[in-house]
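Student:
There are 2 protein chains.
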Amino acid sequence: MPLNSVTASIPSSEISHNRVWNFSAGPSVLPLSVLEEVQRDLLNYKGEGMSVLEMSHRSKVYGNIISDAEATLRRVLKVPDNYSILFLQGGGTGEFAAAYLNLMSCKSVREKQRKLGRQLACDYIVTGGWSKSGLKETKRLGGITNVVLDGVKSAATGEVTYNSLPPVSEWNLGKPEETAFLYYCENETVHGVETPANYVVDVVDPLVPVICDMSSNMLSRPIDISRFGAIVAGAQKNMGPAGVSIVIVRKDLLERDETDPEITRNIPSILDWCYYDGAESMPHTPPTFTIYVCGLVFKWAENLGLEALEKLRETRSGLVYDMIDAHPEFFHGLVDKKFRSAMNLVFTLPTRELEAQFISEAAERNMVQLKGHRNLGGIRISLYNAMPIEGAKAFVIFMKEFYEKNVQ
Amino acid sequence: MPLNSVTASIPSSEISHNRVWNFSAGPSVLPLSVLEEVQRDLLNYKGEGMSVLEMSHRSKVYGNIISDAEATLRRVLKVPDNYSILFLQGGGTGEFAAAYLNLMSCKSVREKQRKLGRQLACDYIVTGGWSKSGLKETKRLGGITNVVLDGVKSAATGEVTYNSLPPVSEWNLGKPEETAFLYYCENETVHGVETPANYVVDVVDPLVPVICDMSSNMLSRPIDISRFGAIVAGAQKNMGPAGVSIVIVRKDLLERDETDPEITRNIPSILDWCYYDGAESMPHTPPTFTIYVCGLVFKWAENLGLEALEKLRETRSGLVYDMIDAHPEFFHGLVDKKFRSAMNLVFTLPTRELEAQFISEAAERNMVQLKGHRNLGGIRISLYNAMPIEGAKAFVIFMKEFYEKNVQ
Numbered sequence: 002m003p004l005n006s007v008t009a010s011i012p013s014s015e016i017s018h019n020r021v022w023n024f025s026a027g028p029s030v031l032p033l034s035v036l037e038e039v040q041r042d043l044l045n046y047k048g049e050g051m052s053v054l055e056m057s058h059r060s061k062v063y064g065n066i067i068s069d070a071e072a073t074l075r076r077v078l079k080v081p082d083n084y085s086i087l088f089l090q091g092g093g094t095g096e097f098a099a100a101y102l103n104l105m106s107c108k109s110v111r112e113k114q115r116k117l118g119r120q121l122a123c124d125y126i127v128t129g130g131w132s133k134s135g136l137k138e139t140k141r142l143g144g145i146t147n148v149v150l151d152g153v154k155s156a157a158t159g160e161v162t163y164n165s166l167p168p169v170s171e172w173n174l175g176k177p178e179e180t181a182f183l184y185y186c187e188n189e190t191v192h193g194v195e196t197p198a199n200y201v202v203d204v205v206d207p208l209v210p211v212i213c214d215m216s217s218n219m220l221s222r223p224i225d226i227s228r229f230g231a232i233v234a235g236a237q238k239n240m241g242p243a244g245v246s247i248v249i250v251r252k253d254l255l256e257r258d259e260t261d262p263e264i265t266r267n268i269p270s271i272l273d274w275c276y277y278d279g280a281e282s283m284p285h286t287p288p289t290f291t292i293y294v295c296g297l298v299f300k301w302a303e304n305l306g307l308e309a310l311e312k313l314r315e316t317r318s319g320l321v322y323d324m325i326d327a328h329p330e331f332f333h334g335l336v337d338k339k340f341r342s343a344m345n346l347v348f349t350l351p352t353r354e355l356e357a358q359f360i361s362e363a364a365e366r367n368m369v370q371l372k373g374h375r376n377l378g379g380i381r382i383s384l385y386n387a388m389p390i391e392g393a394k395a396f397v398i399f400m401k402e403f404y405e406k407n408v409q
Numbered sequence: 002m003p004l005n006s007v008t009a010s011i012p013s014s015e016i017s018h019n020r021v022w023n024f025s026a027g028p029s030v031l032p033l034s035v036l037e038e039v040q041r042d043l044l045n046y047k048g049e050g051m052s053v054l055e056m057s058h059r060s061k062v063y064g065n066i067i068s069d070a071e072a073t074l075r076r077v078l079k080v081p082d083n084y085s086i087l088f089l090q091g092g093g094t095g096e097f098a099a100a101y102l103n104l105m106s107c108k109s110v111r112e113k114q115r116k117l118g119r120q121l122a123c124d125y126i127v128t129g130g131w132s133k134s135g136l137k138e139t140k141r142l143g144g145i146t147n148v149v150l151d152g153v154k155s156a157a158t159g160e161v162t163y164n165s166l167p168p169v170s171e172w173n174l175g176k177p178e179e180t181a182f183l184y185y186c187e188n189e190t191v192h193g194v195e196t197p198a199n200y201v202v203d204v205v206d207p208l209v210p211v212i213c214d215m216s217s218n219m220l221s222r223p224i225d226i227s228r229f230g231a232i233v234a235g236a237q238k239n240m241g242p243a244g245v246s247i248v249i250v251r252k253d254l255l256e257r258d259e260t261d262p263e264i265t266r267n268i269p270s271i272l273d274w275c276y277y278d279g280a281e282s283m284p285h286t287p288p289t290f291t292i293y294v295c296g297l298v299f300k301w302a303e304n305l306g307l308e309a310l311e312k313l314r315e316t317r318s319g320l321v322y323d324m325i326d327a328h329p330e331f332f333h334g335l336v337d338k339k340f341r342s343a344m345n346l347v348f349t350l351p352t353r354e355l356e357a358q359f360i361s362e363a364a365e366r367n368m369v370q371l372k373g374h375r376n377l378g379g380i381r382i383s384l385y386n387a388m389p390i391e392g393a394k395a396f397v398i399f400m401k402e403f404y405e406k407n408v409q
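Each protein sequence line maps, in turn, to chains A and B. If you use my numbering, the first sequence corresponds to residues 2 to 409, in order. If you use my numbering, the second sequence corresponds to residues 2 to 409, in order.
(1) Output the distance between the C-alpha atoms of B:ASN345 and B:THR190, rounded to the nearest integer angstrom.
(2) Counting only the same chain and skipping the five closest in sequence on each side, list residues whose C-beta sits under 7 Å from that of B:LEU117.
(3) With 8 Å set as the bound, which would you pick, yes or no: does the beta-carbon of A:GLU187 sit closer than that to a beta-carbon of chain B?
(4) Based on DSSP bridge pairs, tell me the residues matched to A:HIS333.
(5) Could you tell me which residues DSSP pairs with B:ALA231 in its beta bridges?
(6) Between which residues of its own chain and B:PHE24 is the CB-CB distance below 6 Å, once the five residues before and five after are set aside?
(7) If you count every other CB in all the chains shown that lies within 10 Å of the CB of B:PRO207, and 16 or more means buried, which is it?
(8) Between the Cα of A:GLY235 and the Cα atoms of A:VAL202, A:ILE226, A:ILE292 and A:GLU356, which residue gives the shortest distance?
(9) Using only the alpha-carbon positions, how far apart do A:TYR185 and B:PRO28 sit?
(10) Among B:GLU138, B:GLY152 and B:ILE67, whose alpha-carbon lies nearest the alpha-carbon of B:VAL1?
(11) To which residues does DSSP link B:SER85 through a beta bridge?
(12) Quick check: B:VAL77 and B:GLU303, are their CB atoms within less than 8 Å of each other?
(13) Are the segment 123-140 of chain B and the segment 279-291 of chain B in contact at 8 Å, needing three or more beta carbon pairs?
(14) Do B:LEU166 and B:THR196 have their beta-carbon atoms positioned less than 8 Å apart in this structure?
(15) Rounded to whole angstroms, how far is the Cβ of B:SER282 from the Cβ of B:LEU87, which I believe are closer than 8 Å?
(16) Classify B:GLN90: buried if its beta carbon has 16 or more other beta carbons within 10 angstroms, exposed otherwise.
(17) Where B:MET105 and B:GLU263 are concerned, what is the direct C-alpha to C-alpha distance, given to the nearest angstrom?
(18) What are the partner residues of A:ARG341, as DSSP defines its beta bridges?
(19) Residues in its own chain within less than 6 Å of A:GLN114 by CB, not counting five upstream and five downstream?
(20) Can you name the start and end residues of the alpha helix (DSSP H) that B:ILE398 belongs to?
(21) Please classify B:GLN237 as buried or exposed, where buried requires at least 16 other C-beta atoms within 10 Å of its C-beta.
(22) Buried or exposed: A:GLY129, going by 16 or more other Cβ atoms within 10 Å of its Cβ?
(23) Could you check whether the Cβ of B:ALA302 sits closer than 8 Å to any Cβ belonging to chain A?
(24) Which runs of the alpha helix (DSSP H) spanning at least 4 residues fall entirely within the segment 351-386 of chain A, listed in chain order?
(25) Does any C-beta atom of chain B lie closer than 8 Å to the C-beta of A:GLY328?
(26) Which word fits A:LYS300, buried or exposed, when buried means at least 16 other C-beta atoms lie within 10 angstroms of its C-beta?
(27) Could you tell me whether any Cβ in chain A is nearer than 8 Å to the Cβ of B:LEU212?
(28) What in chain A is Cβ-close to B:MET56, meaning under 7 Å?
(29) Does the beta carbon of A:MET51 sit closer than 8 Å to a beta carbon anywhere in chain B?
(30) Please report the distance separating the alpha-carbon of B:ALA395 from that of A:GLN40.
(31) Judging by CA-CA distance, which residue of A:PRO351, A:ARG341, A:LYS338 and A:ARG317 is the nearest neighbour of A:PHE332?
(32) Excluding five sequence neighbours on each side, which residues of the same chain lie with their C-beta closer than 6 Å to the C-beta of A:GLU414?
(33) Taking Cβ-Cβ distances shorter than 8 Å, what residues in chain B pair up with A:LEU44?
(34) Taking only beta carbons into account, state which residues of the segment 278-291 of chain A come closer than 8 Å to chain B, listed in chain order.
(35) What span of residues does the alpha helix (DSSP H) with A:ALA327 cover, start to end?
(36) Check A:THR139 in the structure and name its three-state DSSP category.
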């Protein structure tokens, strides 16, 4: 979209509550209509005489809330029948451990291991902070890991930067018969690196289940679920509030040899996907209210459709990237164009002082949470599903004015 | 309180929202004033222009919310300085595993184990479904367990019933030098068995850290925290919505020998108390909104004070137990008077048909969630902190009328 067609038209429904433009990387902006519904029903959910916050997870009403949430997500993402959808707790950090522990216990992986005669390795694609943390957790728990790639290494200095992926020809993939699974994070929230859809599954041998952390880009574009072993995601970006993790896992990976005494010994129940799968995500009290809000977000997403959401994400991020690309000497994008994220946009300004001023002047215009992650610095703005196009427009107008005022 | 002084006076503030009397065992009734505050601030928290549901956990505003919640709980429960308060995820089920894994890794326990020359045992007091699940989880994870007591065994039939505790003289406590810790659940939500305050810590050797699951009676009476190694609790009874677990742990139990390679290998980060303690409960995104609501409940509890809350719980449950005791041939209390719970009151009626009728007629009077747990049957009503005295009164009036109509 050419900048001259951009106007800061903020729909009146958005400003009626004096709300800010919230560019937080997560927890993050939720659809206003969802918040309004939550607010309306907060004391008395649909005539039940109680709040969802107070509702027994064993009540019929709540049973419908959680099964509707699951069914809606299944429709939106076109999840095939041979995949289970689970609602767990513990976010990304929980799922790092859960992915490793559950995969190493599944029948086909253990059979492969028996044939090999030694412990299988776990392939990790490291594209930023989150995949790095996943790798670290697996190591902590005694896993043998194989790093397929670790950012991009400077030939001159040997320094590793998480701003791109090396060519596939340089990937150090494990041999399929020696590899339990491959793990990657499709959108790196901290480093702003997003791997294009199917980019990884197109490369990996089908004998190796691909486990993908989609915490920060799930629901923002169509996915071909059937190509993944499991997809794990914390909800608090595009899907709802913090406190629930969503796992979509191929059912054959939940099969276990129950006569094997080693199977469950290392998996605490709380991380055991089978424990949840057998009880429709409620072997014990789930985070009831959080799942309820997610369910409303899923419905909101269904009404728009994944194709429309993808178009919106490209439009939103395109507006900002166009401005970055127009003035690269002032707005310095940190990520290789091919892999830059439509969700988390990271860039720097010429000086630290200008960055501080940028953040402070943005705040005066009710644009908040612009500061880069503490590990990276600079500016980061997150443009999740619920960010109206008008938020991105207002930001770009601000960028332009700031640029014109401060360019040398 | 004599029944003739009981009237069904429902304060107008309670009925203004057409709310029911919610006797759910959890998630359960929350203070109306808390819900009203949550509702009021749902779209725009104190002028921040966003909902707490959307708020970055790294923002200053949220930092204040979580540290206020911790500080308030510390004041209300008089938590000594040498105890940490942690906010985790995973409820009781998560804490079963966490208690075992963390305790077995702590310096003093490992030193004791080194002296003994073999794996220490974990003492379990089994008074109902929840402590039984805790025992099971520790066994699953490879723990050596010693059952101190397992309900009450009939001398005639050998059948075990969870309706009382055997005399202390019959407890099979492990030798202190062979025992890593002792675990019990102070209030059994399913079986309605509540162990009196200090009853267990008075018996256990001070060399053995006592780990207590107080999920369903925390904040309902004063506790002498200093007598416990750790107290763990899911929030969704007296403390807030489902989705957060609270751990109060003596700091020396978080000390570890970091040179010991076995230490963290078996503890997924998500269950590692040290991981949270080092990062003020935010090594990663916490269940932000749930903790916010808990913080409001803690303030509500602080305004009343634990002594008043204890008086309220005794009054509320006393009303119902008085009616049970007055007509024991009709309302058959399932638990020994000495150990019956003030939180979860379980009883049966003469026939299944009468129980169904009782539940259905109660529903007509807007009293819901009366059905006993699926493992136990009968009637269960839960009278947590946020249940107004008027709710218990209304229930007792209904009991009396039902009795008079149906007694033979």
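The beta-carbon is built from N, C-alpha and C at its ideal position, and this holds for glycine as well. Please read all numbers here as calculations on a predicted model, not as lab measurements.
Tutor: Let me lay it out:
(1) Rounded to whole angstroms, B:ASN345 to B:THR190 spans 6 Å at the Cα level.
(2) Around B:LEU117: GLU178 and GLU179.
(3) By this cut-off, A:GLU187 is not an interface position.
(4) A:THR349, per the DSSP bridge assignment.
(5) BP columns for B:ALA231 point to B:ILE212 and B:VAL250.
(6) By the criterion of a C-beta distance shorter than 6 Å, B:PHE24 is surrounded in its chain by GLN370, LEU371, ILE382 and SER383, once the five residues flanking it on both sides are discounted.
(7) With a 10 Å radius around the Cβ and a threshold of 16 neighbouring Cβ atoms, B:PRO207 comes out exposed.
(8) Just measuring C-alpha positions, the residue of A:VAL202, A:ILE226, A:ILE292 and A:GLU356 sitting nearest A:GLY235 is A:ILE292.
(9) One Cα belongs to A:TYR185, the other to B:PRO28, and the distance between them is close to 36 Å.
(10) Coverage of chain B is limited to positions 2 through 409, which leaves residue 1 of chain B absent and any answer about it impossible.
(11) Bridge partners of B:SER85 according to DSSP: B:VAL250.
(12) For B:VAL77 and B:GLU303, yes; Cβs fall inside 8 Å.
(13) Counting C-beta pairs with one atom in each stretch, the segment 123-140 of chain B and the segment 279-291 of chain B have fewer than three that are closer than 8 Å, which means they do not touch.
(14) Yes, Cβ-Cβ distance for B:THR196 and B:LEU166 is below 8 Å.
(15) For a cut-off of 8 Å, the C-beta gap from B:SER282 to B:LEU87 is around 5 Å, short enough to register as a contact.
(16) Label assigned to B:GLN90: buried.
(17) So the two alpha carbons sit approximately 10 Å from each other.
(18) DSSP, once it has assigned bridges, lists A:VAL194 as partnering A:ARG341.
(19) Cβ within range, chain order: LEU121.
(20) Segment 390-407, the alpha helix (DSSP H) holding B:ILE398.
(21) When all chains shown are included, B:GLN237 counts as buried.
(22) A:GLY129 should be labelled buried.
(23) No, B:ALA302 lies away from the interface with chain A (no Cβ there is under 8 Å from its Cβ).
(24) Secondary structure remark: continuous alpha helix (DSSP H) runs of at least 4 residues inside the segment 351-386 of chain A, in chain order: 353-365.
(25) According to the sequence as given, residue 328 of chain A is His; it is not Gly. So no, A:HIS328 is outside the interface.
(26) Label assigned to A:LYS300: buried.
(27) In the sequence on display, residue 212 of chain B carries Ile and not Leu. Output row for B:ILE212: interface = no.
(28) Simply PRO28.
(29) Yes, A:MET51 lies at the interface with chain B (some Cβ there is under 8 Å from its Cβ).
(30) Rounded to whole angstroms, B:ALA395 to A:GLN40 spans 29 Å at the Cα level.
(31) Checked all of A:PRO351, A:ARG341, A:LYS338 and A:ARG317; the closest Cα to A:PHE332 is A:PRO351.
(32) There is no way to answer for residue 414 of chain A, as the model of chain A reaches only from 2 to 409.
(33) Contact note: A:LEU44 reaches chain B through HIS18, ARG20, LEU33, LEU36, GLU37 and GLN40, using a C-beta cutoff of 8 Å and chain order.
(34) Sequence-ordered contacts of the segment 278-291 of chain A with chain B read PRO284, HIS285, THR286, PRO287, PRO288, THR289, PHE290 and THR291 [C-beta pairs closer than 8 Å].
(35) Going by DSSP, A:ALA327 is part of the alpha helix (DSSP H) stretching over 307-327.
(36) In the displayed model, A:THR139 falls within a helix according to three-state DSSP.
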